[in-house]
Every structure is written in structure tokens, then in C-alpha cells.
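No gaps in the numbering here: position 69 of the sequence shown is 69 in full-length UniProt numbering, and each next residue is one more. C-beta: ideal position from N, C-alpha, C; glycine also. As the structure is a computational prediction, the values presented were derived from the model and not from experiment. Everything below concerns the one structure shown next.
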Amino acid sequence: MLIQEFGKKYGNYFAILADIANGRNTTAEIEQNMGDTVIAGHLKKLEEDYELIVRKRPILAKEGSQTVRFEISDLFLRFWFRYFIKYHRLVEMENFEQLGQFIKNDYPTYSGSTLEQYFRQQMMESCNFMDIGSWWQAKKGKEACEIDIVGLYVEDRKALVAEVKRQRKNFKPDDFAIKVETLRNKVLHKYDIQTECLTLEDM
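So this is what it looks like as C-alpha cells:
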């Protein structure tokens, strides 16, 4: 069905969606992976016409901020483009055993991002928050400082800042504290911050 919707240029759309599904979620990363192909028009159609992707900015970022990441909105399509499109040759050869092994090996990474989405949804349904998102900041020469979930409570300038891990043993409190302090200094200096590690046990 998507091939019919996209027409003759479906290959470019599929490549973009596969990139986003596999973590290359900025315009620059996708264009670089596609041989510096200009994709602004494709992204706009995927977002506005087909409604297959959503544009994400760090929480409290201005609407015009260029710090943008893209995300596939549908979980099924996210899974499909991450595995079945990426490993389409295995599907064509009916080598489902090897495909299953690739999925199994990658599952901790994939399920981690899905778990984040689950907890954001739970927070939305609680009706306790006026805004829910994540936060990131690129550092020159260093890894980006990223916070999985930031929720701003409806009242009293309080914020919940959470890191999501499948297993609590993988949580590193000291590293998280440094990230939280960076977030506080950048955008949450007027907020009372509550921190938490959310895991499969909290579902």
C-alpha cells in the first residue's frame, strides 16, 4: 500500500523511514547516509501529508528551533522498517532464522526506545503534566547529553526527570546526576526537579 502511495520514488521514502527507524533521525544524518540527497521535501510529505513521522524538539525548545529529530509515529511501521526493510534480502530468501537472530540481538536497543514511549503515554494519561518530552544537547567533541523523559507538572513549577532502563542494574546514578544538573542549568533552573529511574518493573 505504501508503495502505491509513494509512487515511483518510493525507494527514497523507504530509505528515509528505514534510517529513522534505525536511529538516524536528523536531516543531516539521513542525507549523509543517502549520499547527500536533499530530503527536505520528502520529510515534509512524510510528516504533513502521510502523517507517518513526527517532528521532535527538546522540551521547552522554541518552535523555530533547528534542533529537530524525527520519529516514526506507528510502532508497527517502526518495527517493520527497522528489520524487514533493512534485511529484505533475508525475507526474500526466506532465511527467517537469521532474521530472527538479528532481531533478537537488537531487541534490547529497540525495546528500550519503545519502553520510553510507554512511560510517556502513562504520564499523559495521568493528566498530571502540562508537557512531556525529552531533552538533548549536542556537545562539541563529546557525546550528546540526553534525558529520556522530562515531564512538567501542571502546577507549582515541578518537573519529573527520568531515565529509562530495561533493567535497574544498568542505571548509573552518578552519570544521570550530571545530566540532570546540565538540564537544570540550561532550562529547568526555576523548577523543583524530581528524578527517577523507570524500568520494566515499573510497568
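Beta-ladder partner(s) of residue i, from DSSP
i	result
Asp192	Lys158
Leu152	Asp131, Ala159
Trp136	Glu146
Phe70	Arg55
Val164	Leu198
Own chain residues within Cβ distance below 8 Å of residue i, not counting five before or after
i	result
Tyr153	Asn128, Phe129, Met130, Ala159, Leu160
Phe119	Ile149, Ala162, Val164, Leu198, Asp202
Residue environment, residue i, which counts as buried when at least 16 other CB atoms sit within 10 Å
i	result
Lys75	Sequence check: residue 75 is Leu here, not Lys. Leu75 should be labelled exposed.
residue 221	As displayed, the chain neither begins before 1 nor continues past 203, which places residue 221 out of reach and without an answer.
Arg89	exposed
Tyr191	buried
Pro58	buried
Ala28	exposed
Ile72	buried
Residues near residue i by beta carbon distance below 6 Å, same chain, minus five either side
i	result
residue 222	Lying outside 1 to 203, the shown extent of the chain, residue 222 is not represented and no answer is given.
Residue j beta carbon less than 8 Å from that of residue i
i	j	result
Leu46	Ile53	yes
Val68	Arg55	yes
Leu17	Phe96	no
Ile30	Asp19	yes
Whole-angstrom C-beta distance between residue j and residue i, which should lie under 8 Å
i	j	result
Ile132	Gly151	5 Å
Met34	Ala15	6 Å
7 Å Cβ shell around residue i - same chain, five flanking residues per side excluded
i	result
Arg184	Ile193
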